[in-house]
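Colleague: Dropping a structure here in structure tokens format, bear with me for questions.
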Amino acid sequence: MTSSALTVQSLAESIYDDMMTNIIRQVTLNTVSRYRTLQQCVEGDYFDAISPTRSTGNRDIFGNDKTKLKNSETSRYFECGKCGRQIAGGRFAQHINKCLERGRR
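For the sequence shown, the numbering used here gives the first residue as 235, with consecutive numbering after it.
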């Protein structure tokens with residue numbers, strides 16, 4: 235801090251300054267974000283960027299092929315840290331839940 239003695243007044247001013255700085259920063263960031271979003275809507279890029287799946291039904295919201303993603307997830311195998319078994323990726327969460335549950339009994 236500074237070399238001057240701390241008083242209730244100086245502490246209150248410091249807290250107030252910090253709060254006001256944070257409030258101003260938050261309002262500014264929200265305003266800039268809203269402005270940029272509106273600007274993208276006006277230019278026409280916004281809706282194309284958020285919904286690339288209008289024409290194709292076999293893609294997710296990120297443009298990845300759903301069938302390829304599903305096949306790659308289920309074909310990967312992971313080793314359970316508790317029992318050492320190899321479990322398919324699509325069933326790993328269910329297995330680890332049951333496996334850890336058995337250990338508590």
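Just so you know, even glycine gets a beta-carbon here, dropped at the ideal spot from N, CA and C.
Between which two residues does the alpha helix (DSSP H) containing Ile295 stretch?
Modeller: One-based indexing of the sequence shown puts residue 295 at position 61. Segment: none, Ile295 is in no alpha helix (DSSP H) and carries neither H nor E.
Colleague: Report the CB separation of Lys300 from Asp294 in whole angstroms; it is logged as a contact under 8 Å.
Modeller: Residue 300 sits at position 66 when you count from the first residue of the sequence shown. Residue 294 sits at position 60 when you count from the first residue of the sequence shown. Indeed, because the Cβ distance is near 6 Å, the residues count as touching under 8 Å.
Colleague: Where do the N-terminal and C-terminal ends of the alpha helix (DSSP H) with Ala246 fall, by residue?
Modeller: Locating residue 246 in the sequence shown gives position 12, where the first residue counts as 1. Counting along the chain, the alpha helix (DSSP H) containing Ala246 begins and ends at Val242 to Glu277.
Colleague: Below 7 Å CB to CB, which residues in the same chain sit around Arg336 once its five sequence neighbours on both sides are set aside?
Modeller: Looking up residue 336 in the sequence shown gives position 102. Nothing listed; no residue qualifies.
Colleague: Kindly identify the DSSP beta-bridge partner or partners of Gln328.
Modeller: For the purposes of this step, residue 328 is taken as residue 94 along the sequence shown, with counting starting at 1. Gln328 pairs with nothing; no bridge assigned.
Colleague: Report the rounded CA-to-CA distance for Gly323 versus Gly315, giving the unit in angstroms.
Modeller: Locating residue 323 in the sequence shown gives position 89, counting from the first residue. Locating residue 315 in the sequence shown gives position 81, counting from the first residue. For Gly323 and Gly315, the distance between alpha carbons rounds to 14 Å.
Colleague: Taking 6 Å as the limit between beta carbons, can you name the residues of its chain near Phe326, skipping five residues before and five after?
Modeller: Numbered from 1 along the sequence shown, position 92 holds the residue referred to as residue 326. Counting only Cβ-Cβ distances below 6 Å, and skipping sequence neighbours, we find Phe312.
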